[in-house]
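K.L.:
Once you've had a glance at the structure underneath, I'll fire off some questions.
In my numbering, the protein residues as written are 955 to 1103.
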């Protein structure tokens, strides 16, 4: 298990810095920059860091934990810890609202998510499972039939 972390300031511009840092860590872990999983993780990180900075106005800590090896199945866990003891509250935004969809997005994209007390504050986490790479079919001259088509 590999864990990396970044301290995040309370300024909203820190969200962009967190995304750039996370993308670099994903690439160092062996994930391609254009891999759909990388894009999903960056979006999840952006939402969780934004929530921490906007709703607490305080610094936070972003952690990424990688399970499994580069070519193995594994789980990537993202945690954002802040000093607020207030639990996260998913909102149900109206179509004209410009915000309030962060946790709905996390719920839809992550395989699991939750929160826990951490010191005087809390940590909100989400996990995304990385499956084993699928084998490329070998061409043998026989037609490939798509099942269920």
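All C-beta atoms, glycine included, are put in the ideal place defined by N, C-alpha and C.
(1) If you draw a straight line from the alpha carbon of residue 1084 to that of residue 1040, how long is it in whole angstroms?
(2) Residues bridged to residue 1079 by DSSP?
(3) How about residue 967: is its Cβ closer than 7 Å to a heavy atom in the ligand MN?
(4) Starting from residue 961, trace the beta strand (DSSP E) in both directions and tell me its first and last residue.
(5) Is it true that the CB of residue 1067 sits closer than 8 Å to the CB of residue 1060?
(6) Can you tell me whether DSSP reads residue 966 as helix, strand or coil?
(7) How many whole angstroms separate the CB atoms of residue 1012 and residue 967, which I take to be in contact at a CB cut-off of 8 Å?
(8) Determine the contact status of residue 972 and residue 962, defining contact as a CB-CB distance below 8 Å.
(9) For residue 1036, which residues from the same chain have a beta carbon less than 7 Å from its beta carbon, with the 5 sequence-adjacent residues on both sides left out?
(10) What separation, rounded to the nearest whole angstrom, lies between the Cα atoms of residue 957 and residue 1058?
(11) Are residue 981 and residue 987 close, meaning C-beta to C-beta below 8 Å?
(12) Roughly how many angstroms separate the alpha carbons of residue 1064 and residue 1021, rounded to a whole number?
P.N.:
By the coordinates alone:
(1) When rounded, the separation of the alpha-carbon atoms in residue 1084 and residue 1040 is 31 Å.
(2) Residue 1079 pairs with 1033, 1068.
(3) The model on display carries no ligand, and the ligand MN is accordingly not part of it.
(4) Looking at the DSSP string, the run of the beta strand (DSSP E) that includes residue 961 is 956-962.
(5) Yes, the pair counts as a contact, with Cβ atoms nearer than the cut-off.
(6) Three-state result, residue 966: coil.
(7) Rounded, the Cβ-Cβ distance is 15 Å, inconsistent with contact.
(8) For the pair residue 972 and residue 962, the CB atoms are nearer than the 8 Å cut-off.
(9) Around residue 1036, the same chain offers 1006, 1010, 1012, 1014, 1075, 1076 as residues with beta carbons nearer than 7 Å, after the five sequence neighbours per side are excluded.
(10) Cα to Cα, the separation comes out at about 26 Å.
(11) Yes, the Cβ-Cβ distance between residue 981 and residue 987 is below 8 Å.
(12) C-alpha separation (whole angstroms): 16 Å.
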